[in-house]
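Structure first, then comments.
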């Protein structure tokens, strides 16, 4: 089973709208992270939430973590065209020790 | 300096060629990683170096040979690759493993095409 497996979604939204994407995983985790990847480039770390945290904010990003449901969500508020990217969640549950397992990713397109 | 650099940005090679990918970071990170990413797929871990020693090899074929000359540099030597090895190769680094979990910093990647 794959860790950090978010619902395979392709979101297309208008600029200014909110974008929400989800991530589910199957075993216990220490941390869950979200990364952004612009078209064929490197990944950029967005936010890390620890297993004892339920919600975390960073600028226009809001991440929630529900360890009882083994799921996380990433909300981007007031989206901008520059938010167009693929978003991956990643967990360390399966391997541990700085070894990340990435989910399938969500493609978000923000239309100006 | 919070940047991971990778060279070259693009590489086209034949199946009989030998080439190398290079990665460099100056953040003092002691863990470095190689990932392979196919189009529209998540990154797949290939190798992990911890304190310049290979700590994880995800059953990668021997035609990929990693090397960590020092704590700032990571190479991936390529030999006798197959067309299916064409992908984006990403390097990443992070703080010491086992010292709490830290984010990974990724380079921009090398787009590899094997003809």
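Protein chains in written order, with this note's numbering: chain A, 83 to 194; chain B, 373 to 487.
Idealized CB from N, CA, C, for every residue including glycine.
Just so we're clear, the structure is a prediction, and the values are computed from it rather than from any experiment.
- Counting only the Cα atoms, residue 456/B lies some 21 Å from residue 405/B.
- The beta carbon of residue 122/A falls within 8 Å of a beta carbon belonging to chain B, placing the residue at that interface.
- If you check the CB distance, residue 119/A and residue 125/A come in under 8 Å.
- A Cβ-Cβ distance of about 6 Å is found for the pair residue 465/B and residue 403/B, placing them in contact under the 8 Å criterion.
- Among the residues of chain A, none has a CB under 7 Å from the CB of residue 402/B; the nearest is roughly 10 Å distant.
- By the rule that beta-carbons nearer than 8 Å mark a contact, residue 478/B touches chain A.
- Looking at the backbone, the Cα of residue 381/B and that of residue 150/A are separated by about 42 Å.
- With three or more CB-CB distances shorter than 8 Å, the segment 153-166 of chain A counts as touching the segment 106-120 of chain A.
- Taking 8 Å as the CB threshold, residue 115/A lines the interface with chain B.
- The C-beta distance from residue 167/A to residue 185/A rounds to 15 Å, too long to fall under 8 Å, and the pair is not in contact.
- For residue 139/A, the uninterrupted beta strand (DSSP E) run begins and ends at 137-140, by DSSP.
- Distance check between residue 447/B and each of 386/B, 391/B, 384/B and 383/B places 391/B closest, using alpha-carbon atoms only.
- Of the residues assessed, residue 164/A falls on the exposed side of the cut-off, its CB having fewer than 16 other CB atoms within 10 angstroms.
- Taking 8 Å as the cut-off, the Cβ atoms of residue 161/A and residue 101/A count as close.
- In the same chain as residue 383/B, and ignoring 5 residues on each side of it, the C-beta atoms closer than 8 Å to its own belong to 391, 393, 482, 483, 484 and 485, in chain order.
- In the three-state reduction of the DSSP assignment, residue 456/B falls in the helix class.
- For residue 408/B, the uninterrupted beta strand (DSSP E) run begins and ends at 403-409, by DSSP.
- Cβ contact annotation for residue 386/B (same chain, cutoff 6 Å, sequence separation greater than five): 487, in chain order.
- Scanning the segment 113-169 of chain A for uninterrupted beta strand (DSSP E) segments of 3 residues or longer gives 113-119, 125-132, 137-140, 143-148 and 153-158, listed from N- to C-terminal end.
- Look at residue 438/B: its C-beta is not under 8 Å from any C-beta on chain A.
- Put simply, the backbone Cα of residue 96/A is about 14 Å away from that of residue 189/A.
- At the C-beta level, residue 435/B and residue 450/B come within 8 Å of one another.
- Judged by their CB atoms, residue 399/B and residue 477/B are nearer to each other than the 8 Å cut-off.
- The beta carbon of residue 425/B is closer than 8 Å to those of 440 in its chain, skipping five residues each way along the sequence.
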